[in-house]
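Single-structure report; data block below.
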Amino acid sequence: MDRLSVLCFAGTYGLALASDLARFAVRSAARWYLTVGLTALGWIVQAAYLGNLAWSAGRIPVTTLFESLLALSWILAAIDLYLMVRSPKPVAVGMFVLPLVLALVVMAGVSTAPQQADWGAWGGATAFWGSVHGVFLVAGAVSTCVAFLAGLMHLVQSHRLKRKRPSPFEFALPSLEQSERLNRGAITLAFPLLTFGLLIGVVLGLASPSPNAMRLSWADPKVLSALAMWLVFAVLLHARYRPEMRGRRVMWLTAVAFGFLVFSWVGVEALRLPTAHHGVPRASGRGS
Amino acid sequence: MKLLALGVDHRSAPAAIREAVAFDGPKSAAGLDALRHGFPGGEFVVLSTCNRVEVYMAGDVAHVPETDALADFLARFHAVPAESFAPHLVSYHDEGAVGHLFRVAASLESLVLGEGQILGQVKQAFQEAQRREAVGPILNHVFQQALRVGKKVREETGLDQGKLSVASVAVDVAREVFDTFADKTVLVIGAGKMGDLTLQHLKTLLPGRILVTNRSPERAEAAAARFEGEAVPFDRLDAALIEADLVVSTTAAAEPIVTYDQYVRVQRARRNRLALILDIASPPDFDRRIGLLERVTLYHIDDLRAQAERNRKGRQKGVDPALAIIERETAACLASLQLKRSAGAVLRQLGTNADAVRHRELEALFAALPHLDASDREAIAHTICRVQNQTLHHPRAALRSAAAEPSHEQPHTLLNAFRHLFGLADL
Chain R
246 MDRLSVLCFA GTYGLALASD LARFAVRSAA RWYLTVGLTA LGWIVQAAYL GNLAWSAGRI
306 PVTTLFESLL ALSWILAAID LYLMVRSPKP VAVGMFVLPL VLALVVMAGV STAPQQADWG
366 AWGGATAFWG SVHGVFLVAG AVSTCVAFLA GLMHLVQSHR LKRKRPSPFE FALPSLEQSE
426 RLNRGAITLA FPLLTFGLLI GVVLGLASPS PNAMRLSWAD PKVLSALAMW LVFAVLLHAR
486 YRPEMRGRRV MWLTAVAFGF LVFSWVGVEA LRLPTAHHGV PRASGRGS
Chain S
40 MKLLALGVDH RSAPAAIREA VAFDGPKSAA GLDALRHGFP GGEFVVLSTC NRVEVYMAGD
100 VAHVPETDAL ADFLARFHAV PAESFAPHLV SYHDEGAVGH LFRVAASLES LVLGEGQILG
160 QVKQAFQEAQ RREAVGPILN HVFQQALRVG KKVREETGLD QGKLSVASVA VDVAREVFDT
220 FADKTVLVIG AGKMGDLTLQ HLKTLLPGRI LVTNRSPERA EAAAARFEGE AVPFDRLDAA
280 LIEADLVVST TAAAEPIVTY DQYVRVQRAR RNRLALILDI ASPPDFDRRI GLLERVTLYH
340 IDDLRAQAER NRKGRQKGVD PALAIIERET AACLASLQLK RSAGAVLRQL GTNADAVRHR
400 ELEALFAALP HLDASDREAI AHTICRVQNQ TLHHPRAALR SAAAEPSHEQ PHTLLNAFRH
460 LFGLADL
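If you read the protein sequences in the order shown, they are chains R and S.
The first sequence begins at 246 in this note's numbering and counts up by one.
The second sequence begins at 40 in this note's numbering and counts up by one.
Okay, here's the thing in structure tokens:
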């Protein structure tokens, strides 16, 4: 059932992406409406699925990798829809956001990793702070993805302008100033979210009385990559006050932070590295 | 049915001739009124712009004047001898007239290929004709289609994409670098014609502040006054560069006036803010290496010209697809027009036949029942009239809807069925 649902979102987002890519061949306003329509359809179906998941589990669906990836892709799809509708039609936001949304949904679908720490199973304050930890990390991940995508658009636009290359027909990008502002805003938001998210995680790991609680280890690749990501964000925040660091360097650093995010979320699982984040198996949630 | 487009344009006539026969200002309404009175029964739209003066006419063959008669009308109306402009007149008939209007609306006939103004001008001409009640079903349909086709061609071919002048390309580049301009400072170095033109275009972005500097303080003051800016002494160039976000340089200096090392210092003092330099001087005023600096975008005049040329070629590529769309749409428009007229004729004939039958039968009934008084007769006549209208309502509505919907699958089959079922003559 889960795989089928995930296939539905992935298929719809895939079609939306194909429709957006068709901008180079199909010169019609109908193509834009089709892209927006398909993205909206995928988003609504995904919203219903996540809503049902939250309803049946009685909590916010951010405690497993599967749920977190779906929640992250759902929020990014909403941001994509908002930007597509707000920007002029030739602005190719979807070409950047939809591949990431699609990749996240596919990763959620193919993820065969064991269930992650389920704070809900421990009950009481731990369950509450576990959910807060998950929400903060997903929100931080959303900001990281937005910063990365804005940085990517900035790099492409900057490269094009430096080489004096004209935009192809029906393809435009946000101005350098706009993508930079979006990148800066997302970094500013990501840093406190990640800081609180990670701090709550560390405290939970150290203080949890449950024998099932994960053991916090500073050698855990997940912990290390999350800390590395946090450090990169600290540097990025510092770069705001260092004029010589502005511009493409910031964008590349954002890409590095995004790389750490991908590694800590998916890479550790994909490479089957030893991590204490494989918590208790859960009765509800993803049942593949 | 006959359609005629007659007039002069930038290809067929010099500006003086176009001006002599132009329908500008109040002449437009007066011209339409004069055409209606001069050629009753016809439909007219007058399109008068800087580059073309055209009269579109439509109606039954008897109501649409010949080109000579119209040339005489133009001569009388504008009080100019017909022989002064008649050799420059170009006419298009029927399908040619529709195709020409579609090409005009799509800006394929414009002086600047793909320019956007003409579609609005066609719309204005059409609306003026509607206000003067000079258009009927034919031109109504043709002009509505022209406006739709004009928009469709632009959307599907990119004919209006990319600017063609250096100044307007510069504005596009500015929009790709900056998002807002109210908080930006524009610095103009030099006070030449090209600088004026570029600044004129950049002013449409509503920049927060304009600084002008020149070796000649008087010229700087004059340019600053023209653009509501501030004049800056030339020896304060570095300070002005530090303040500026967007620089337009247009001096006649033989050597670059801003070196790489100088701008590195400036950029450091600017705290590495985004900068756009439009160096439209030849030879360049800014060292080319400045463009390699982080967060600095430098466009030389050659880059802007090359982009304008690429845009021109891009628009040219859209001409063939645009012509293909217009050919298709012209045929569809005429077919739909023909269908509407046929449907109209069938509906009229149907009404006439039904009325004739009703009158004949009522006369026979009243003759057979002479005791009926006037009020009874009126009530019976009224009832039969209502029965007739109600019986014919659905078939009439079906035919009207088929004629109004160009994508209807079998409108001609429906027309033939109507003729066959109601015993109507083939018109």
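Glycine residues also receive a C-beta, built at the ideal position from the N, C-alpha and C atoms.
Keep in mind that this is a model prediction, so the values were computed, not measured.
Label residue i either buried or exposed according to how many other C-beta atoms from any shown protein chain fall within 10 Å of its C-beta, with 16 as the threshold for buried.
i	result
residue 414 (chain S)	exposed
residue 269 (chain R)	exposed
residue 346 (chain S)	buried
residue 206 (chain S)	buried
residue 497 (chain R)	exposed
residue 416 (chain R)	exposed
residue 483 (chain R)	exposed
residue 324 (chain S)	buried
residue 248 (chain R)	exposed
residue 359 (chain R)	Its pLDDT being 46, under 50, residue 359 (chain R) is placed unreliably by the model, and nothing is read from it.
residue 202 (chain S)	buried
residue 215 (chain S)	buried
residue 464 (chain R)	exposed
residue 429 (chain S)	exposed
residue 400 (chain S)	exposed
residue 530 (chain R)	Any answer about residue 530 (chain R) is weak, because its pLDDT of 40 lies below 50 and its placement is not dependable; what the coordinates show is given next. It is buried - the Cβ of residue 530 (chain R) has at least 16 other Cβ atoms within 10 Å.
residue 404 (chain R)	exposed
residue 296 (chain R)	exposed
residue 433 (chain S)	exposed
residue 475 (chain R)	buried
residue 462 (chain S)	exposed
residue 172 (chain S)	exposed
residue 391 (chain S)	exposed
residue 52 (chain S)	buried
residue 410 (chain S)	exposed
residue 486 (chain R)	exposed
residue 411 (chain R)	buried
For the beta strand (DSSP E) containing residue i, list its first residue and its last residue.
i	result
residue 285 (chain S)	285–288
residue 180 (chain S)	From DSSP, residue 180 (chain S) is part of no beta strand (DSSP E) but of the alpha helix (DSSP H) over 176–196.
residue 98 (chain S)	91–98
residue 46 (chain S)	41–48
residue 102 (chain S)	Residue 102 (chain S) -> no beta strand (DSSP E), and no H or E assigned at all.
residue 248 (chain S)	248–253
residue 172 (chain S)	From DSSP, residue 172 (chain S) is part of no beta strand (DSSP E); its letter is neither H nor E.
residue 318 (chain S)	314–318
residue 271 (chain S)	269–272
residue 132 (chain S)	129–132
residue 419 (chain S)	From DSSP, residue 419 (chain S) is part of no beta strand (DSSP E) but of the alpha helix (DSSP H) over 413–443.
residue 228 (chain S)	224–228
Please report the Cβ distance between residue i and residue j, rounded to the nearest whole angstrom; I am assuming they are in contact, meaning their Cβ atoms lie under 8 Å.
i	j	result
residue 303 (chain R)	residue 254 (chain R)	So it is not a contact: roughly 23 Å between Cβ atoms.
residue 454 (chain S)	residue 389 (chain S)	No, residue 454 (chain S) and residue 389 (chain S) are not in contact; Cβ-Cβ is about 11 Å, not under 8 Å.
residue 302 (chain S)	residue 212 (chain S)	Rounded, the Cβ-Cβ distance is 18 Å, inconsistent with contact.
residue 326 (chain S)	residue 299 (chain S)	4 Å
residue 224 (chain R)	residue 401 (chain R)	With chain R represented from 246 up to 533, any question about residue 224 (chain R) goes unanswered, as that position is not in the structure.
residue 250 (chain S)	residue 226 (chain S)	5 Å
residue 546 (chain R)	residue 391 (chain R)	Only positions 246 to 533 of chain R appear in this structure, which leaves residue 546 (chain R) out of reach.
residue 382 (chain S)	residue 439 (chain S)	7 Å
residue 141 (chain S)	residue 165 (chain S)	Not quite, the Cβ-Cβ distance comes to about 13 Å (not below 8 Å), so this is no contact.
residue 371 (chain R)	residue 449 (chain R)	7 Å
residue 285 (chain R)	residue 326 (chain R)	6 Å
Just to make sure I have the definition right: I need the residues of chain R whose C-beta is within less than 7 Å of the C-beta of residue i. Which are they?
i	result
residue 277 (chain S)	By Cβ distance, chain R contributes nothing, its closest Cβ being about 17 Å from residue 277 (chain S), past 7 Å.
Which residues in chain S have a C-beta closer than 8 Å to the C-beta of residue i? List them in chain order.
i	result
residue 492 (chain R)	311, 333, 334
residue 406 (chain R)	212, 215, 216, 336
residue 209 (chain R)	Any property of residue 209 (chain R) remains undetermined from this structure, which presents chain R solely from 246 to 533.
I want to verify the contact list: residues of chain S whose CB lies under 7 Å from the CB of residue i, in sequence order.
i	result
residue 488 (chain R)	310, 311
What span of residues does the alpha helix (DSSP H) with residue i cover, start to end?
i	result
residue 339 (chain S)	Careful: residue 339 (chain S) lies outside any alpha helix (DSSP H), inside the beta strand (DSSP E) at 335–339.
residue 360 (chain S)	358–407
residue 311 (chain R)	310–331
residue 278 (chain R)	274–302
residue 67 (chain S)	66–77
Using the beta-carbon of each residue, which ones in chain S are nearer than 9 Å to residue i?
i	result
residue 422 (chain R)	216, 217, 218, 219, 313
| Near-chain S residues of the stretch 262–283 of chain R - C-beta to any C-beta below 8 Å | Among the residues of the stretch 262–283 of chain R, those with a Cβ less than 8 Å away from any Cβ of chain S are 272, 273, 274, in the order of the chain.
| request: Select from the stretch 336–363 of chain S all residues with a C-beta closer than 8 Å to any C-beta belonging to chain R, and list them in chain order. | output: Correct list: 336, 338, 342, 345, 346, 349, 350, 353.
| query | Which of the residues in the stretch 196–225 of chain S, read from start to end, lie with their CB under 8 Å from any CB of chain R? | reply | For the stretch 196–225 of chain S, the set of residues with a beta-carbon nearer than 8 Å to any beta-carbon of chain R comprises 196, 197, 200, 201, 212, 214, 215, 216, 217, 218, 219, in chain order.
| request: Could you list the residues in the stretch 308–336 of chain R with a C-beta less than 8 Å from some C-beta on chain S, going in chain order? | output: Residues are counted here when their Cβ sits less than 8 Å from a Cβ of chain S; for the stretch 308–336 of chain R the count is zero.
| task | Scan the stretch 174–195 of chain S for residues whose Cβ lies nearer than 8 Å to a Cβ of chain R and list them as they occur along the chain. | result | Of all residues in the stretch 174–195 of chain S, 194, 195 have a Cβ within less than 8 Å of some Cβ in chain R.
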